[in-house]
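Shown next, in structure tokens, is the structure this report addresses.
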Amino acid sequence: MPVIAIVGAGPGMGLAIARRFGSEGFDVALLARSRDKLDDLVAQLADEGIQAAGFTADVTRPDTLREALAAAESRFGPIDVLEYSPANHALGGVSVLETAREDLQPQFEHYVYGALTAVSQVLPGMLRRGSGTLLLSTGASSVRPLGGTFGSIGIAAAALRNYALALNVDLAEHGVHATHVAIGVMIGSGPGTEAATIAEHYWQAHTKRDQAEIVHAMPGGPW
38 MPVIAIVGAG PGMGLAIARR FGSEGFDVAL LARSRDKLDD LVAQLADEGI
88 QAAGFTADVT RPDTLREALA AAESRFGPID VLEYSPANHA LGGVSVLETA
138 REDLQPQFEH YVYGALTAVS QVLPGMLRRG SGTLLLSTGA SSVRPLGGTF
188 GSIGIAAAAL RNYALALNVD LAEHGVHATH VAIGVMIGSG PGTEAATIAE
238 HYWQAHTKRD QAEIVHAMPG GPW
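Following this line, the structure appears as structure tokens:
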């Protein structure tokens, strides 16, 4: 069975992506900080006939992230798809007019350093096999500055976007595809914003392998 690892799995996008790939025969490795949340997600997927397991990890603690991904590979086998989209609600943000070095450090640890750790754990295997997909997610401020409290968040999110796009360039000749997915809507806020609808972008990125970036935004929105 092919395997997808979802870093930052939750009941919204993480579960929707797990369902989309699971419906295509993927085994699903879910990574998050909360064991209770992971157990609940695994149970929901099991009820739907999807093989899944949860692994606790904190993206700001590289050792836990590496160990969780290694455990996922021990359980299921080589990871074919890595999806990285940990929520950062607890961090908050500040305006760029007020942003200081200490405001950016936790954002970079969350967005950029966590992604670097996750990718570096699975990429060597993908390169050896000559196949694999890296899906790195951000919100609206990675593509278009939104101002306000998104200021400090956007700086780090834009760095993650650049990392994903650079991976797409350098990995193209090695059989590994990387895509940046930017979600520019409030998930579940209306038609076209459903998690299941957005999850389809991730499946298309993996199967079609023809886009370095996918932006999901509604007409008339901030983008």
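FYI, my numbering numbers position 216 of the sequence shown as 253, with every residue one higher than the one before it. By construction, the Cβ of each residue, glycine as well, lies at the ideal position given by its N, Cα and C atoms. The structure displayed is predicted, hence computed values, not measured ones.
Residue i - DSSP class collapsed to helix/strand/coil
i, result
"E110", "helix"
"E250", "strand"
"D216", "Looking at the sequence shown, residue 216 is not Asp but Thr. DSSP places T216 in strand when its eight states are reduced to three."
"I12", "The question about residue 12 has no answer, for the chain in this structure spans 38 to 260."
"P99", "helix"
"V206", "helix"
"V222", "coil"
"G59", "helix"
"G49", "coil"
"T244", "helix"
Contact belief for residue i with residue j at Cβ below 8 Å, rounded distance in angstroms
i, j, result
"T93", "L75", "7 Å"
"A249", "L202", "5 Å"
"L106", "G91", "Going by Cβ atoms, the distance from L106 to G91 rounds to 13 Å, so no, they are not a contact pair."
"T216", "L160", "Not really, about 15 Å apart at Cβ, beyond 8 Å."
Paired residues, beta bridge with residue i - DSSP
i, result
"T93", "A69"
"I41", "V65 and V118"
Chain C within 8 Å of residue i, Cβ atoms only
i, result
"E61", "No chain C is present in this structure, which holds just one protein chain."
For the segment 149-157 against the segment 69-83, do three or more pairs of beta-carbon atoms, one drawn from each stretch, fall closer than 8 Å, so that the two count as touching? no
For the segment 114-189, list the alpha helix (DSSP H) runs that are entirely contained and at least 4 residues long, ordered along the chain. 138-145 and 151-166
Should the segment 182-196 be called in touch with the segment 207-217, which here means at least 3 C-beta pairs below 8 Å? no
Determine, using beta-carbon pairs with one atom in the segment 223-232 and one in the segment 128-138, whether at least three such pairs fall under 8 Å. no
Is the segment 134-142 touching the segment 167-182, taking contact as three or more C-beta pairs under 8 Å? no
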